[in-house]
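Chemist:
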Amino acid sequence: MRAICDLLIRRLPPRGSDARPAPRGYHGVPVLRRPHWKWHIPLYFFVSGVGSGAALIGAIAGMSAGRGNDVIARRGQAIGLLAVATALPLLIDDLGRPARFHHMLRTFKPRSPMSMGSWALLLFGNLTGLATAADGLANRVGAVRYATWLRGGAALARAVLIVPAAFVASYTGVLLAATAVPLWARARAVLPPLFLVAAVSTGAAAIDLSLGEEDRSARATVKDIETAALAGELALVALLVRRLGEYGRPLVARPWGQLFWGAVLLGQIVPLLFGLAHAGDRPGMRDRALRCATLVGGWVLRWTIVQAGKTSADDPVAALDFHGGRN
Amino acid sequence: MVEFGFLTDETLCIGCKACEVACKQWNGLPAESLGLTGASYDNTLTLSATSWRHVMFAESAAAASTGATAELPPLRWNLLSDVCKHCQRAGCMDACPTGAIVRTEFGQVFVQPDICNGCGYCVPACPFGVIALEPRAGLAQKCTLCYDRLKAGAEPACAQACPTDSIVFGPVSDLEERGARRVRALKERGLRETTLYGTSEIAGGLNARFIVTRPVEDFNLPRAPRIPVDNVLPGSLAAIAAALSAIVCIFALTSGRR
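Protein chains in written order, with the numbering used here: chain P, 265 to 591; chain V, 283 to 540.
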C-alpha cells in the first residue's frame, strides 16, 4: 500500500538549504533529446485509445447479460477494427524507413514497450477483424447451424480480445513513462491508468455516436460507462498534477496549460456533470454534443501530454535535477 | 569477452577538435555548423546524428588568475570531448523495438543500420541525449566506437587523432585503473573536485568514462541518471491494476439493464 502511494502521489522532497543549488548545465543546451513525433503519434495514441476502449467495452458487454449488449459488442469490435485500420498508416508513415515497418516484429522484447505494443496491436487487429467477419458472415449464411457456429466463433474472439484491448489502451502510457523525459518518467505509475481510463471514456463516446435512436438501452449503458470513466479520469488528472510537482510546469502552466485545463473542463468536467445530473434521462441531441466533447477532450489530453513532454526534454535544469536523484 | 572503451581527460584537452574532424572523416559524416553559437568557442553545441565527438567549452571562474581586470572577471576554460557513453545498462538498447541496437563483441552499443527502421524511440530513452535520428537516412545514429576499425585491429579515429592523449582507448578494466591513478594525482596537485565519471552507479557503468575537475553538471552530465527501463515495471503494474478495475466496473455497468 505504502509503495503504491509512493508511486502515485509522493511529492518531491524539498531542496534542503544544505543541498546543492539547482544545477547550471552547459550554456543552457538541452541535456536530453526530444522525440521527433509530430502529429502522427499523438493522433495514434488517441485513435488506438478510442478503438481499444470501444473494443474492451464491446468484449465485456458480449459476455454479460444486459439488454442491448449484443449491439454494443458488435459496434465495439467494429470501432476497434476501424481504429487499427487508421492507426497502422499513421505508425508506418511516422517511421524514418516506412518500408521496414515489419522489423517491429523481428523480436519479442518485454523490456521495450514499443515492441510489446506492436505485438499487442497485431493480435488486437486480427481478433477484431475475425470477430467482425464472423458476425457479418453469420447474418448472411442461410443454414442455422453454420450461423450458430460463426456466432460462437465471434463470441470466442471477443472474449480473448479483452487482453489485447486492455493492453493497447494502456501500453502507450508505459511507452511514455519508459523514457528519460522528466515529465513522463516522473508520472510512470499515473500515465498508464490515465490513458486506459481515457480510452474507456472516449471508446464509450464513440459507441454512443455509432448507435441509432432505437438503441435506447444500449445508449443508456454506454453513457453510464462513460460517466464512470470520466470520474476516474478526473481523479487521475488530479493525481498526475500532484505527482509531477515542479516537473509538471510545461503541462499545467506555460506553454500547454491553457489547452490542458481547457480539455479537462470541456472534455471531462462538463460531460461528467451532465452525465451525473441527467443519469436517467432519455438520450437526445444534447448527449451527442457531449459525446463529441469527450472525444475532443481525449484527443487534447494526449496532444498536450506529448507536447509538454517535449518541452520538458528541452529543459536542462529539469533534466539534471531529475537525473540528479530527485526522481 | 574483453570490453573496450574510452577514457577522456578534461585536464589534457586543448580544444583542437581534431577528434571531431577525424571522426567525421573516417565515418563520412557531413559538417554541421562552422558558425559562432555564442557558447564560447563551441560550433556544434551538442552531439548529434552526424557529430559523434563534441568538444565542450565550459567556462568557470578561476580561483587565481593572471590578466583579470575589473571589467573582465577571471575565467578559465574546462574543455572536454563528449562522446556516446556505451552504457552497460543502455537506455537506447532497452527501448529499441527492432533489435537493431546490439552490444558487439568489443562491448560497444552499436546501431545496425540495416535493421533500424527509424522509429525514434531510442532518442528520448537516452538519459545523456546522445542518440539522434538522421532525417535523410531515416535512421538512428551515434558513435559506433569505430566498430569497423576495431574489426581491423585499429583504434578509434578520435583516439588516434588526439594529440595530447586526452582521449585514450583500451580495455575498460585498464582504463578504470588508469583513471583512478590520474584522479589521485590530480587531487594531490590541488584539483580537489576531480572525479572519474562513469563508475558502476552511472547506468550500470559506462564504457566511455570521463575525468572532470568541475561538477559533472557543468558538462551536462547527469549525476545519477534514472534508466528508463526501470519505469516499465511500475508502469505495467499500475496498468494491470487499472485494467482489472475497469473490467469489473464495465461488467457491473453492462449487466444492470435486463
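Beta carbons are placed, not taken as given, at the ideal position from N, Cα and C, and that holds for glycine. Only a predicted model underlies this, so the values are computations on that prediction, with no experimental measurement involved.
If the criterion is Cβ atoms closer than 9 Å, does the pair residue 384(P) and residue 344(P) meet it?
Modeler: No, they are not a contact pair.
Chemist: DSSP puts residue 343(V) in a beta bridge; with which residues?
Modeler: Answer by DSSP bridge pairing, in chain order: 357(V).
Chemist: How should residue 299(V) be labelled, buried or exposed, when 16 other C-beta atoms within 10 angstroms of its C-beta is the threshold for buried?
Modeler: Burial call: buried.
Chemist: Can you name the residues that DSSP bridges to residue 365(V)?
Modeler: Looking at the DSSP assignment, residue 365(V) forms a beta bridge with 335(V).
Chemist: Tell me the DSSP secondary structure of residue 346(P) in three-state form.
Modeler: Here residue 346(P) sits in helix by DSSP.
Chemist: List, in chain order, every chain V residue whose beta-carbon is nearer than 8 Å to that of residue 426(P).
Modeler: In chain order: 529.
Chemist: For residue 302(P), return the contacting residues in chain V, with the cut-off set at a CB-CB distance below 9 Å.
Modeler: Under the 9 Å cutoff, chain V gives no residues; its nearest Cβ is about 11 Å from residue 302(P).
Chemist: For the segment 494-518 of chain V, which residues have a CB atom closer than 7 Å to at least one CB atom of chain P, in sequence order?
Modeler: Within the segment 494-518 of chain V, the qualifying residues are 499, 500, 501, 502, 504, 505, 506, 507, 508, 510, 511, 513, 514, 516, 517, 518.
Chemist: Would residue 520(P) pass as an interface residue toward chain V - the criterion being a Cβ-Cβ separation below 9 Å?
Modeler: For residue 520(P), the answer is no, since every Cβ of chain V falls outside 9 Å of its Cβ.
Chemist: Closer than 7 Å, Cβ to Cβ, to anything on chain V: give me those residues from the segment 380-397 of chain P, in chain order.
Modeler: From the segment 380-397 of chain P, only 382 have a Cβ closer than 7 Å to chain V.
Chemist: I need the boundaries of the alpha helix (DSSP H) containing residue 491(V), first residue and last residue.
Modeler: Not the alpha helix (DSSP H): residue 491(V) falls in the beta strand (DSSP E), residues 490-494.
Chemist: Using a cut-off of 9 Å between C-beta atoms, extract the partners of residue 397(V) located in chain P.
Modeler: Here the neighbours are 364, 367, 370.
Chemist: Going by DSSP, what residues sit across from residue 416(V) in a beta bridge?
Modeler: BP columns for residue 416(V) point to 421(V).
Chemist: Under the assumption that residue 339(V) contacts residue 441(V) (Cβ atoms under 8 Å), give the Cβ distance between them as a whole number of angstroms.
Modeler: Not confirmed; about 21 Å, so no contact.
Chemist: Look at the alpha carbon of residue 557(P) and the alpha carbon of residue 329(P), and state the distance between them as a whole number of angstroms.
Modeler: The alpha-carbon atoms of residue 557(P) and residue 329(P) are separated by roughly 30 Å.
Chemist: How far does the alpha helix (DSSP H) with residue 472(P) in it reach, from first residue to last?
Modeler: Element bounds for residue 472(P): 455-474.
Chemist: For residue 359(P), collect the residues of the same chain with a Cβ closer than 8 Å to its Cβ; drop the 5 residues on either side in sequence, then sort them by chain order.
Modeler: Hits under 8 Å: 365.
Chemist: Could you give the DSSP three-state label for residue 530(V): helix, strand or coil?
Modeler: Residue 530(V) falls in the helix class under three-state DSSP.
Chemist: Where are the alpha helix (DSSP H) runs, 4 residues long or more, that stay fully inside the segment 528-556 of chain P, in chain order?
Modeler: As far as the segment 528-556 of chain P is concerned, its whole alpha helix (DSSP H) runs of at least 4 residues are 534-541.
Chemist: Excluding the 5 residues flanking residue 375(V) on each side, which residues of the same chain have their C-beta closer than 6 Å to its C-beta?
Modeler: So the qualifying residues of the chain are 383, 391.
Chemist: Could you say if the segment 321-340 of chain P and the segment 300-311 of chain P meet the contact criterion of at least three C-beta pairs nearer than 8 Å?
Modeler: No: the two stretches stay apart, fewer than three of their Cβ pairs being nearer than 8 Å.
Chemist: Between which two residues does the beta strand (DSSP E) carrying residue 290(V) extend?
Modeler: Its beta strand (DSSP E) spans residues 286-291.
Chemist: With distances taken from CA atoms, which of 356(V), 491(V), 363(V), 293(V) is nearest residue 327(V)?
Modeler: For the residues 356(V), 491(V), 363(V), 293(V), the minimum Cα distance to residue 327(V) belongs to 363(V).
Chemist: Report, in whole angstroms, the separation of the C-beta atoms of residue 312(V) and residue 332(V), which I expect to be a contact under 8 Å.
Modeler: Rounded, the Cβ-Cβ distance is 6 Å, consistent with contact.
Chemist: Quick check: what's the CA-CA separation for residue 411(V) versus residue 295(P)?
Modeler: Spanning the two alpha carbons is a distance of roughly 6 Å.
Chemist: Check this for me: beta carbons of residue 454(P) and residue 471(P), under 9 Å apart or not?
Modeler: No, Cβ-Cβ distance for residue 454(P) and residue 471(P) is not below 9 Å.
Chemist: Out of curiosity, what's the CA-to-CA distance linking residue 347(V) and residue 472(V)?
Modeler: Reliability fails at residue 347(V), whose pLDDT of 47 lies under 50, so the model's placement of it is uncertain and the value that follows must be treated cautiously. Each residue's Cα considered, the two are about 15 Å apart.
Chemist: Which residue comes first and which comes last in the beta strand (DSSP E) that contains residue 452(V)?
Modeler: Per DSSP, residue 452(V) belongs to the beta strand (DSSP E) from 449-453.
Chemist: Compare the C-alpha of residue 426(V) against each of 368(V), 479(V), 463(V), 420(V) and name the closest.
Modeler: Per the Cα distances, 368(V).
Chemist: Distance check for residue 580(P) and residue 390(P), CA to CA, integer angstroms please.
Modeler: Cα-Cα distance, rounded: 43 Å.
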